[in-house]
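Worksheet: the structure to be examined is printed underneath.
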Amino acid sequence: MSQSGTLQLAMDNNGATPQSTPPMHPELLMAACHGWHGQLTSLLNGEDHQAVPIEHRRPSNLAADASQAAVFVEIDIHRSNMMSPPLPTTTTSLLLQGVTSDGDSALHVVAAAGDDDRHLRSAMVIYSKARHLLEARNKRRSTPLHVAVRAGNVDMLALLIRLAGEEEGGEDRRRALLRMENGVGETTLHEAVRGDDMRAVAVLMTADPCLARVPDAGVSPLYLAVALRRYAIVRDLHARDNQLSYAGPAGQNAWLAAVLQSKGAYTNFN
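In UniProt numbering, the protein residues as written are 1 to 270.
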C-alpha cells in the first residue's frame with residue numbers, strides 16, 4: 001500500500017483491478033483507516049443504509065488520530081459539503097469486495113493504518129465477515145501481513161497470524177500465509193529485514209521457525225540482511241535456524257555479500 005501520506009479513494013474505473021473489482025465504499029474506507037470498529041460493525045451488519053454526512057462520523061480528536069495513522073484520506077468537506085453515497089443493499093461479502101486504487105482490501109487498509117486497540121478490533125470485525133481477506137493481494141501482490149510489517153505494526157501482524165492459526169487446519173494455513181511472496185518475490189520476513197524490525201522478525205520466526213529458508217530460489221532473508229547491513233538480524237536469524245537459506249541473486253550467497261562489504265566493494269542492495 002502506498003505510504004505517501006494520502007490514500008486516494010478508488011472511485012473510478014482507472015483504479016480497478018484486472019478483475020474489475022468494485023471500488024471500496026468511502027464510509028468503509030474511512031472506518032477502516034481510522035479504526036472506527038463500531039461503525040465498521042454497523043456497516044457490515046447492514047444496520048445503517050442511510051446517507052450520513054461524513055463530518056458527523058468523525059471523532060473530535062481526528063487530527064491526533066490522523067497523525068498516528070499509516071494512511072490518510074483527503075476529503076474536502078467544506079468545498080463539497082456532500083453526503084456520502086448510500087450503502088449498497090447487498091450482502092456483507094459484496095461490500096468487502098471493494099478495493100482502493102492500489103488494490104487494497106479493507107483488511108489491507110486497517111493493517112497498515114494502525115497498531116492500537118481500535119485498529120486491532122477493526123481488523124477482527126473485518127476478518128469475522130470475510131476471512132479470505134487474509135490471503136488477499138493488492139496490486140503489488142502484497143498481503144495484509146506484508147503491509148502490516150511494512151508499516152511497523154507488529155501487534156497487528158501478531159493478531160493476523162493468530163487469526164490464521166485459529167481455523168481448521170490452521171497450522172498449514174498460517175505457514176502458507178507467512179510464506180506467500182509479493183510481486184518481487186519477498187515474504188513478510190523480507191519486509192521485516194528491510195524495516196530493520198527485530199520485533200517483527202521475532203514474531204515471524206516464532207510463528208514459522210523455517211521461514212528464513214524461503215524462497216527456495218532468489219534472494220533469501222539472510223542475504224538481504226547482510227546486504228542491508230542488518231547485522232543484529234543476521235545473528236538472530238542464524239541463531240534461530242542453522243539450516244536457513246544463504247541464497248542471493250545470480251548464484252551469490254550471503255557470505256559473498258559479507259566479503260564484498262568488508263572490502264568496500266558492496267554499496268547497497270535494492
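Don't be surprised by glycine CBs; every beta carbon is placed ideally from N, CA and C.
Integer Cβ distance of residue i from residue j, believed to fall under 8 Å
i           : j           : result
residue 334 : residue 23  : Residue 334 lies beyond the range of the chain shown here (1 to 270); nothing can be said about it.
residue 212 : residue 189 : 6 Å
residue 105 : residue 133 : 5 Å
residue 29  : residue 100 : 7 Å
residue 35  : residue 114 : 5 Å
residue 37  : residue 137 : No, residue 37 and residue 137 are not in contact; Cβ-Cβ is about 24 Å, not under 8 Å.
Inter-residue Cα distance where the pair is residue i and residue j
i           : j           : result
residue 219 : residue 248 : 4 Å
residue 308 : residue 152 : In this structure the chain extends from 1 to 270, so residue 308 is not present and cannot be described.
residue 243 : residue 217 : 15 Å
residue 165 : residue 44  : 24 Å
residue 27  : residue 125 : 15 Å
residue 227 : residue 40  : 42 Å
residue 75  : residue 25  : The predicted model places residue 75 with a pLDDT of 35, which falls under 50 and marks its position as unreliable, so this point remains unresolved.
residue 175 : residue 186 : 15 Å
residue 167 : residue 207 : 15 Å
residue 234 : residue 154 : 19 Å
residue 46  : residue 123 : 18 Å
residue 252 : residue 130 : 42 Å
residue 203 : residue 209 : 10 Å
Range covered by the alpha helix (DSSP H) that runs through residue i
i           : result
residue 37  : 37-44
residue 27  : 26-34
residue 198 : 198-207
residue 219 : Per DSSP, residue 219 belongs to no alpha helix (DSSP H) and is neither H nor E.
residue 109 : 106-113
residue 235 : 231-240
residue 191 : 188-194
Contact set for residue i: own chain, Cβ-Cβ below 6 Å, skip 5 residues either direction
i           : result
residue 240 : 205
residue 149 : 157, 188, 191, 192, 200
residue 109 : 32, 33
residue 183 : 140, 141
residue 107 : 126, 133, 144
residue 214 : 179, 187
residue 173 : 164, 167
Closer than 6 Å: residue i CB and nearest the ligand COA heavy atom
i           : result
residue 189 : By its list of ligands, the structure shown contains no ligand whatsoever, and the ligand COA lies outside what it can speak to.
Beta-carbon proximity list for residue i, same chain, < 7 Å, skipping 5 on both sides
i           : result
residue 170 : 164
residue 250 : none
residue 230 : 193, 196
Neighbourhood of residue i by C-beta, 8 Å cutoff - its chain only, sequence neighbours within 5 removed
i           : result
residue 237 : 201, 205, 212, 221, 222, 225, 244
residue 121 : 35, 37
Query - alpha helix (DSSP H) runs wholly inside the segment 121-175, at least 4 long, in chain order - result: Counting only unbroken stretches of 4 or more residues, the alpha helix (DSSP H) elements lying wholly within the segment 121-175 are 144-150, 154-165, in sequence order.
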